[in-house]
Amino acid sequence: MERIALVTENRSDMDLVAACRSGSRDAMRRLYEENQRRVYSIALNFFGGDIDKAADATQQVFVKLFTKMDFRGEAALTTWLYRLTINQCIDEQRKSRRLLNLEEWFPLSEPVTKMSLADEMQSGEIAAEVQKVIASLRPKLRIPIVLKYVEGLSYQEIADVLKCSIGTVSSRLNRGHKLLAAKLEHLRNEI
Amino acid sequence: MKNRHYKEQLSAFVDQELSKDDRQLIAEHLLHCESCRSEYQAVKLGVGLAANLSAAEAPENVWRSIENEIRDGTTPRLEAFAAPRWFDITRIAAFATAILVVGLVTFAVYRGLFTAETRTVGQIPRSNSVSPDVGVVPVNGAEQPAIETPVNANGPTPENSETAPVSTTASWDVETIAGAPKVAGAMSADRLPVGEYLETDSRSRARIEVASIGNVEVGPNSRVKLVGTNDKQHRLALERGSLHAKIFAPPRLFIVDTPSGAAVDLGCEYTLEVDQAGNSKLNVRSGFVALEDAGRESIVPAGASCLTMKGKGLGTPFSTEASPEFVRALRSFDFANGGSRAVKDIVEQADLYDIVTLWHLLSRVPRNDRSAVYDSLTRFVSPPEGVTREGVLNLNKPMLEKYREAVETVWFN
């Protein structure tokens, strides 16, 4: 019964994505409303609270979803969307880390307003500090933490998204937790 | 089973991802295993910290941007990341203009720095190259590479930079973020003139606009001086405390002096801290920063940190994810004359995250330790075509440069 329910759910998601691909604005809006929070939240925590980068990544994920990607229903739509979001974030981070980015030196538009370090500290100092440290971790440690503590996924669900074993998820979370603890030891009595 | 440890399962244990039986087994083990108990405390703290993360709704304008982009395909992205469109003629024109401007600026900077009789602000007597091995002065007995040229020799410090003539009228905007930051000799703290200090107490923070190229947020208990500013160079001196810089400018235009070295921006975002003793810690969040001190240079990429110690000089960059053991061995090498023993520990502890450190060490360790460092690096990054063991061990500059590019590629992927 569970499998039938999953197949039905995937079928319905496939129809919804197909409707988006055929240009239905209602379908796009519905898909966006149902998923924007999870996509944006992953990106926001991936980029250490940078709302502009998170918004940009969210935009790109949905544009790809509506115009380029084929969802074949092999996994749940949310699992597939998590993968799409993670790949988008990693791609964007890779681009932004390049040294000689002339467009950053000579932006073609006005500089964007970023959530500043100070703003972060004012709006929930601990959360902002944690977010910042998590953003400094390598993606392979950062992503399981974001999926676990922002999206509330189980280890098995994280393994499905990342296409790895539960043992790998467990090991990466273990290392990520220890790094967090080492870097934020001074907050031990604050939480 | 009594001797088995459960360190790899501790996150799953704290997150309640294990079966009841497994949880019981680990709980009993923790009662008598001090080693696992210590790790458990760290993991538990990490889980508690991560639990502070939260979800959020996307801003309203995201949907509008998506609609626009789908409708006509021409609406620009939200511009946190600019999407390169290589065959767009306007972009090509913009790039061509940018390259021309960079060339002219670079030429002007070079001429200004190397030919002017008096320098307007500080001194950066070196090229625009970001090659870390250029100018590395060997330590711990390492011989000097043939390709070396002095970097920043007798270079700028907060003290000697003051001797350079600077504009006495220029100043930068200051915004109070919290508390009451003070600008020495001024009634208000909304402008920081050249030669003056901005000071914050434990409750104060301030944001300084760095000309038109970015901003610097000054943390609590900090003292920062505007050393100089003009179109060739913008220079601060951080005497103590912390600052967080976000700079969008050509490399080497923005510099922060500390009592134990200078942080030279190469287009990046970073945090710099200076303690009461004048030691500093640099943590780079994006791009690269060059740390320079008395002829030595470390290029610190995003995801890495670097320490400087007053009187002992510049450390070697290391990953923010390096193990404590690795960092301990590196500190011993950099600051405590750890010598070959420290190099041996570094090599033994090294993993993929430590490739930037290993690459820097190639030109810092003595010849007899270099092969061990090279062998360790090759475990994680294969030498590119044309790079030979002998060439690297002899500190052949083109080979080191080529190897650096390969290391960088792995680092950012």
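Heads up: the sequence lines are chains A and B, in that order.
For reference, each letter of the first sequence is one residue, going 4 to 194 in our numbering.
For reference, each letter of the second sequence is one residue, going 1476 to 1888 in our numbering.
Cβ atoms here follow ideal geometry from the backbone N, Cα and C, with glycine treated the same way.
Within the continuous beta strand (DSSP E) that includes residue i, where are the two ends?
i, result
"B:Ile1722", "1709-1722"
"B:Met1784", "1779-1784"
So who's on the other strand from residue i, going by DSSP bridges?
i, result
"B:Val1693", "B:Ala1681, B:Leu1718"
"B:Ile1730", "B:Arg1710, B:Val1739"
"B:Leu1673", "B:Val1658, B:Val1699"
"B:Val1749", "B:Gly1716, B:Ser1755"
"B:Phe1793", "B:Ser1780"
"B:Trp1647", "B:Leu1667"
"B:Glu1744", "B:Lys1721, B:Ser1761"
"B:Ser1773", "B:Leu1766"
"B:Ala1653", "B:Arg1680"
"B:Thr1704", "B:His1709"
"B:Gly1788", "B:Met1784"
Give me the Cα-Cα distance between residue i and residue j, rounded to the nearest whole angstrom.
i, j, result
"B:Leu1757", "B:Val1699", "16 Å"
"B:Ile1652", "B:Arg1715", "19 Å"
"B:Thr1791", "B:Trp1834", "10 Å"
"B:Ser1646", "B:Leu1741", "23 Å"
"B:Ser1794", "B:Tyr1828", "6 Å"
"B:Leu1711", "B:Ile1730", "6 Å"
"B:Leu1701", "B:Gly1654", "21 Å"
"B:Ala1817", "B:Arg1839", "13 Å"
"B:Ala1765", "B:Phe1801", "22 Å"
"B:Leu1728", "A:His189", "35 Å"
"B:Leu1553", "A:Arg191", "Its pLDDT being 40, under 50, B:Leu1553 is placed unreliably in this model, and the coordinates cannot settle the point."
"A:Leu156", "A:Leu176", "13 Å"
"A:Asp16", "A:Arg86", "16 Å"
"B:Thr1783", "B:Asp1768", "9 Å"
"B:Glu1532", "B:Phe1808", "48 Å"
"B:Ala1617", "B:Gly1788", "Any reading at B:Ala1617 must be qualified, since the residue scores a pLDDT of 43, below 50, and its modelled position is unreliable; no value is offered."
"B:Asn1705", "B:Ala1686", "9 Å"
"B:Ala1664", "B:Ile1688", "21 Å"
"B:Ile1545", "A:Arg24", "11 Å"
"B:Asp1496", "B:Val1522", "22 Å"
"B:Ala1804", "A:Glu36", "51 Å"
Using the rule of at least 16 other Cβ atoms within 10 Å of the residue's Cβ for burial, across every protein chain shown, is residue i buried or exposed?
i, result
"A:Lys56", "buried"
"A:Lys166", "exposed"
"A:Thr88", "buried"
"B:His1480", "exposed"
"A:Val172", "buried"
"B:Pro1799", "exposed"
"B:Thr1863", "exposed"
"B:Thr1884", "exposed"
"A:Asn48", "buried"
"B:Met1662", "exposed"
"B:Ser1717", "buried"
"B:Pro1892", "In the structure as shown, chain B begins at 1476 and stops at 1888. Residue 1892 of chain B is therefore absent and cannot be evaluated."
"A:His180", "buried"
"B:Gln1751", "exposed"
"A:Glu95", "buried"
Which stretch, first to last residue, makes up the alpha helix (DSSP H) that contains residue i?
i, result
"B:Ser1513", "1509-1525"
"A:Ile54", "54-70"
"B:Phe1488", "1485-1489"
"B:Ser1838", "Here B:Ser1838 belongs to no alpha helix (DSSP H), and DSSP marks it neither H nor E."
"B:Ser1884", "Reading the sequence as shown, one finds Thr at residue 1884 of chain B and not Ser. Its alpha helix (DSSP H) spans residues 1872-1886."
"B:Arg1479", "Where B:Arg1479 is concerned, there is no enclosing alpha helix (DSSP H), given that its DSSP letter is neither H nor E."
"A:Ala46", "28-49"
"A:His180", "169-186"
"B:Arg1808", "It should be noted that the sequence gives Phe, not Arg, for residue 1808 of chain B. First-last of the alpha helix (DSSP H) with B:Phe1808: 1799-1810."
"B:Tyr1828", "Unbroken run through B:Tyr1828: none, as it is neither H nor E."
"B:Ala1817", "1814-1824"
"A:Arg191", "Where A:Arg191 is concerned, there is no enclosing alpha helix (DSSP H), given that its DSSP letter is neither H nor E."
"B:Gly1866", "1864-1868"
"A:Ala130", "128-139"
"A:Glu154", "Careful: A:Glu154 lies outside any alpha helix (DSSP H) and carries neither H nor E."
Counting only beta-carbon atoms, is residue i nearer than 9 Å to chain E?
i, result
"A:Glu37", "No chain E is part of this structure, whose protein chains are labelled A and B."
Would the segment 53-72 of chain A count as touching the segment 149-157 of chain A if we require 3 or more Cβ pairs under 8 Å?
no
Take every Cβ of the segment 1486-1494 of chain B, pair it with every Cβ of the segment 1508-1519 of chain B, and state whether three or more of those distances are shorter than 8 Å.
yes
Inter-stretch contact at 8 Å, needing at least 3 Cβ pairs: the segment 1654-1661 of chain B / the segment 1669-1685 of chain B
yes
I'd like to know if the segment 154-169 of chain A and the segment 180-194 of chain A are in contact, where contact means that at least 3 CB-CB pairs between them fall below 8 Å.
With the rule of 3 Cβ pairs closer than 8 Å, the segment 154-169 of chain A does not count as touching the segment 180-194 of chain A.
Cβ contact check for the segment 37-48 of chain A and the segment 1521-1537 of chain B: 3 or more pairs under 8 Å
yes
Just checking, does the segment 1531-1539 of chain B make contact with the segment 134-141 of chain A on the three C-beta pairs under 8 Å criterion?
Not touching, per the Cβ criterion.
Does the segment 1493-1511 of chain B come close enough to the segment 20-27 of chain A that 3 or more CB-CB pairs lie under 8 Å?
no
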